[in-house]
Structure formats: C-alpha cells, structure tokens
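Here the protein sequences come in this chain order: A and B.
So in this note's numbering, the last one in the first sequence is 237, and the numbering has no gaps at all.
So in this note's numbering, the last one in the second sequence is 474, and the numbering has no gaps at all.
2 protein chains.
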Amino acid sequence: MSKKNSEPTPKNTLGMDVSVDCVVFGFDNDTLKVLLIEQKQPDTVHLKTQNAVPGDLVLDNESLDEAAKRILQELTSLKGIYLKQFHAFGDPNRVRGLKDQQWLRTFRVNPERRVLTIGYYSLVKLSEFKPKAASFAGKTYWVDVYNIPSLAFDHNEIVHKALLMLRHELMADHIGFELLPEKFTLSQLQKLYEIILDKKLDKRNFRKNILRTETVTALEEKQQGVLHKPAQLFSKK
Amino acid sequence: MSKKNSEPTPKNTLGMDVSVDCVVFGFDNDTLKVLLIEQKQPDTVHLKTQNAVPGDLVLDNESLDEAAKRILQELTSLKGIYLKQFHAFGDPNRVRGLKDQQWLRTFRVNPERRVLTIGYYSLVKLSEFKPKAASFAGKTYWVDVYNIPSLAFDHNEIVHKALLMLRHELMADHIGFELLPEKFTLSQLQKLYEIILDKKLDKRNFRKNILRTETVTALEEKQQGVLHKPAQLFSKK
DNA sequence: TTTGAAAGTGTATTTAGCACACGAAGTATC
DNA sequence: GATACTTCGTGTGCTAAATACACTTTCAAA
C-alpha cells in the first residue's frame, strides 16, 4: 500500500468549482426572514424557475470571505455587513435535481464539474436594505425562515444549518442587533431573540442579561410616534 | 451591471483542487499532542523535509466526510474515530512558500491549480493508536500542541484554529473522553480538561459538573497496579 | 378625563459556581 | 505488622447568577 519516497506519484483529480452561498437573514419586527433569489433561466428552456439562496462561484483570485462580501454587495448596497463562514457542503451528489443540472448546463462553462459550496450567513438591517440587480440573480425576495419553500440544490439544508449556527452564536456573542436598525428598543431586541430562538423570554431577566453583557448602550433619545409610553432607544456599543 | 435573463452567460473559473486536512489530537496523560507527517519528497530534489498535518485531495466521488475518514484510516487502523469539520481555508495565497510550491510540482498533476482545504479535527485514543504507512505521508509523529514547529502551507494556522474549536466543543459537548482509553478515571479526565483548556480546575467542582452532565458512567471496576488508593473507573455512557 | 397599550422596574427563591481540608484506601518498605 | 507515601473521594458554607412573578408609569387618542 505504501509507496517508496523515491517514486513521486502525482495525484490527479478533476478539480471542482467552488462557490459561496450566503444565507442572508433579515428581521422585520415580526418574522425572521431569509433572502432568496429567483434563479435565472434561459428563455429557451421554459422551466418553472427555482428559488435559491444567493451564491456565486469564487473567482480565481478571490478569497472565500471576499467572494461572500462581493455576493452581498451585488445584492445590496450595504457595507460592513455581518458575515460568517459556517460550513462547507461537499457531497458529490448535492446537485442531483433535474432542474439543477439543466441550470448548470446553461450557466456554467463546466456543467459536469463537481461543485463544492462554502456556506456563509449574514445579518442585514432590513430597514436599510434596498435590493439591487445582481449578475447571478433574478428577482429577490424575503421569506419567513420558518416557512421556506423547496429550494434548488441542497439549499434547504444550507438554510437549516445556518439557522442552527445563528442561534448558537446569538447566545454566545449577542450579535442580535446586527439585524435591527441603528437605534432600537430593548423590546424589539427581545422579540428578535424570541423569534430566532423560538421561545418566550422573561422581560425583566432579558433586560438584566443584555445590559450586563454591555453590548448595547442607552441613547438619550426616546421612541416617537407610538401610541403608548415611548421606549428608550439603544444602539450597539 | 445586470444582464437580461435572455442572455445566459456561463461563468468560467479555473477550478480548484479541494483537499481535506485533519488535525488529529491525542493525549498521553501529560500532554495534548497533534499528529504530524513528514511530507514525502522526491529523492532527486534534496530539500529538508517539511512537516505537515495529514491531508489529501478529495477524490472525485468522495464526500468531504468520507475523505476525512479515509485519511484517518490510512494513517491508523482505528474505526469510529471522532471527526468534525471546523473550517474551510480558501485564501488564494495560502500556498506561497517556495518549498510548498516545489512540493506541489512534484505531487500534483496540476501544481498551479488553486487549493482549497477543508479542516477537520479528530480525537483518537493514543493507547489504541498504531501508526500505519499512508500513501500521502512519510513518517508520522506526535508533537505537543503547545510547541508545534513550523509547518508546510498554512498548517500552523489550521492547527491553531482547530485547537480553539476543540476547546469550545469540549466545554459545550463534553467530548473529552474520546481522547482517553475506554476505561478512565475522573482524575485523568480532569487532567485532560486542564491541559486542553490550559488552566487548573477544582477537583470537587469538576467531578460535580461531569457527573451532572451524565456523559460518563461509573463501572464496577477499579484501577489496578497503582501505588496508592485505586480510583474508580468510568466509561463513556 | 378616561382608555388603551406597551414601558419600565424590584424582590424573593432556586440553582449553579466556587473555595476550601481531611480521612480513606491502597502499595511499598522496613 | 507498623509506618510512610500517594492519590482518591467527599461536604459545607458562601457568593453569584438564573428564574419566577405583578404593578405602576407614560404617552396618544378618543
């Protein structure tokens, strides 16, 4: 089984396309949403379009983080978005749907090439989000993370894993405010936590906890235009 | 910037080689060790050999997990080893050392091809470990994780990140016993924790904690052949 | 001025974290 | 068989964090 050192035997593989897929989370005060794109389809083949998570091939001189950043910036005009690599999806059969294969034949120079994808998730402030046409995407839209339609490739699995990682990191690093506007109330933040973690939290204990972590800081300002006692506004520290 | 749907424009990239690198941890009752290999070198070029973490290209029909498992099984005879994907390393310049490039020219059919690697770490029971000749490796040996020499490619970074992930998961999931023999004492387990986390722990509190998590179970047996009060043996539950 | 609706706050109880020291159970030696 | 040596195994009191729980305040609208 072992080879002698004196006989170098170069190893051959076909090579893979590597892509980055971004699970973009947004929050609209009621539901946690994920950004989907309608996959581009050639006019000739008339298939029902599929939905997918935005993603693209990693370019030849690009790092993975750079590719993820580029994908996000092609979809939005936002800068400084929270981005985190969370898993590599490399099953050789992850592309097995008929439509998926047809799509690859249209949009990839090497449609037979195996595709490995690196999953990132990102948190954007829905309030500041303005969709932009991206080279790799058709229309974009937001769907409730707890009610996601059937997606292209293995994207349902990717979204599911992203959510698990998000939950985990929300608890560990308190990154929730990345999904809220610059100024937010603690009630908004609590609701966000409740929706992401999918359980109710006690108001007083939640506030104690958040304030203890010192990830947010109270502003002088108060909420305006609400028909009840206005809440104090906070921002990321 | 956006393209009309009616003009499919296939995207071209050169493709990448994808490899899996395994950071194999072992524990010898005193130090946490990492398994290194001596990189194979052709006799012709007489370079000082470099050390590396074991890894190999992912084969054409292999998933990432399968590749990691194969790499481990080529190095050891062990089955059922704990294995976990922890990060993808994809910087386009991660291979920039002169020796690294020479090595690629010898052992890769496409030495210029960009290489992406998926990092896995694994926990093995040193007591059961028997090194085996592997197709991709020269000699193997263990080094103290806190005293690692300069390695090929970006492997120092890979090991470092693996250690951080291991620490994290040790706390969260109590997987420590994967590094110990089937039967172990709580003192052994505590020492393992202390070395991985790099801090002292209180004996009584440690025991309370471990027993509360119910990840281990007490055996009838006691330690034998020690010149002091024999400790109770435990095993994974 | 009354109503509605969410904001904001305190306390008591339970649970987990932590610091700390000594008798018990074996082996080896004389 | 007494002694010395070494690690094992345990209990308690204190402090900090987690949890459960309900009422008053502040504003806008009618």
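We treat Cβ as the ideally placed atom computed from N, Cα and C, and that holds for glycine.
- Message: Classify residue 178 of chain A: buried if its beta carbon has 16 or more other beta carbons within 10 angstroms, exposed otherwise.
- Response: buried
- Message: Could you compute how far the alpha carbon of residue 351 of chain B sits from the alpha carbon of residue 360 of chain B?
- Response: 29 Å
- Message: Does any residue of chain B have a CB that is nearer than 8 Å to the CB of residue 16 of chain A?
- Response: yes
- For the alpha helix (DSSP H) holding residue 162 of chain A, just list the boundary residues, first then last. 155-173
- Query: Using 8 Å as the limit for Cβ to Cβ distance, is residue 248 of chain B near chain A?
  - Reply: yes
- Three-pair Cβ contact test at 8 Å for the segment 248-259 of chain B versus the segment 90-110 of chain A: yes
- Task: Go through its chain and collect everything with a Cβ distance to residue 38 of chain A's Cβ below 7 Å, but skip five positions before and after it.
- Result: 49, 51, 138 and 139
- Message: Going by DSSP, what residue range makes up the beta strand (DSSP E) through residue 351 of chain B?
- Response: 351-360
- Query: Should residue 392 of chain B go down as buried or exposed, given a rule of 16 or more other Cβ atoms within 10 Å for buried?
  - Reply: buried
- Task: Mind the definition here: the segment 125-134 of chain A touches the segment 73-80 of chain A only if three or more C-beta pairs lie below 8 Å; say whether that holds.
- Result: yes
- Item | Residues near residue 371 of chain B in its chain [Cβ-Cβ closer than 6 Å; skip 5 each side] | 311 and 312
- Item | 8 Å CB neighbourhood of residue 469 of chain B in its chain, flanking five on each side removed | 422, 423, 455, 456, 458, 459 and 460
- Query: To the nearest whole angstrom, what separates the beta carbons of residue 256 of chain A and residue 158 of chain A, a pair I think is in contact under 8 Å?
  - Reply: Chain A is shown only over 1 to 237; residue 256 of chain A falls outside these bounds and no answer can be derived.
- Would you call the CB atoms of residue 142 of chain A and residue 33 of chain A closer than 8 Å? yes
- Query: residue 264 of chain B bridges to which residues according to DSSP?
  - Reply: B:269
- Message: residue 399 of chain B and residue 430 of chain B - do their beta-carbons sit closer together than 8 Å?
- Response: no
- Message: Please list, in chain order, the chain A residues whose beta carbon lies closer than 8 Å to that of residue 522 of chain B.
- Response: Nothing about residue 522 of chain B can be read from this structure; chain B reaches only from 238 to 474.
- Message: Which residues in chain B have a C-beta closer than 8 Å to the C-beta of residue 55 of chain A? List them in chain order.
- Response: The premise fails here: residue 55 of chain A is roughly 12 Å from chain B at the closest Cβ pair, so nothing lies under 8 Å.
- Query: Quick one: Cα of residue 208 of chain A to Cα of residue 214 of chain A, how far?
  - Reply: 10 Å
- Message: Any beta carbon of chain B sitting closer than 8 Å to that of residue 58 of chain A?
- Response: yes
- Task: Quick one: grab the DSSP three-state call for residue 317 of chain B.
- Result: coil
- Task: Excluding the 5 residues preceding and the 5 following residue 433 of chain B in the sequence, name in chain order all residues of the same chain whose CB lies nearer than 7 Å to its CB.
- Result: 269, 403, 404 and 407
- Alpha-carbon to alpha-carbon, residue 230 of chain A and residue 305 of chain B: 56 Å
- With 8 Å set as the bound, which would you pick, yes or no: does the beta-carbon of residue 107 of chain A sit closer than that to a beta-carbon of chain B? yes
- Taking 8 Å as the CB-CB cut-off, is residue 32 of chain A touching chain B? no
- Message: Quick check: the Cα distance between residue 58 of chain A and residue 64 of chain A, rounded to an integer number of angstroms?
- Response: 7 Å
- Query: When DSSP labels each residue in this structure, what does residue 243 of chain B get in the three-state scheme?
  - Reply: Bear in mind that a pLDDT of 41 at residue 243 of chain B, under 50, signals an unreliable position, so the model cannot answer this.
- Query: Does the Cβ of residue 463 of chain B have 16 or more other Cβ atoms within 10 Å, making it buried, or fewer, making it exposed?
  - Reply: exposed
- Query: Helix or strand or just coil, what does DSSP make of residue 148 of chain A?
  - Reply: coil
- What are the boundary residues of the beta strand (DSSP E) that residue 218 of chain A is part of? 216-222
- Between which two residues does the beta strand (DSSP E) carrying residue 56 of chain A extend? 55-57
- So, helix, strand or coil for residue 62 of chain A, using DSSP? coil
- Item | Neighbourhood of residue 440 of chain B by C-beta, 7 Å cutoff - its chain only, sequence neighbours within 5 removed | 427
- Measure from the alpha carbon of residue 236 of chain A to the alpha carbon of each residue in A:13, A:86, A:181 and A:16, then state which is nearest. A:181
- With C-beta atoms as the reference, is residue 420 of chain B less than 8 Å away from residue 109 of chain A? no
- DSSP on residue 178 of chain A, reduced to helix/strand/coil? helix
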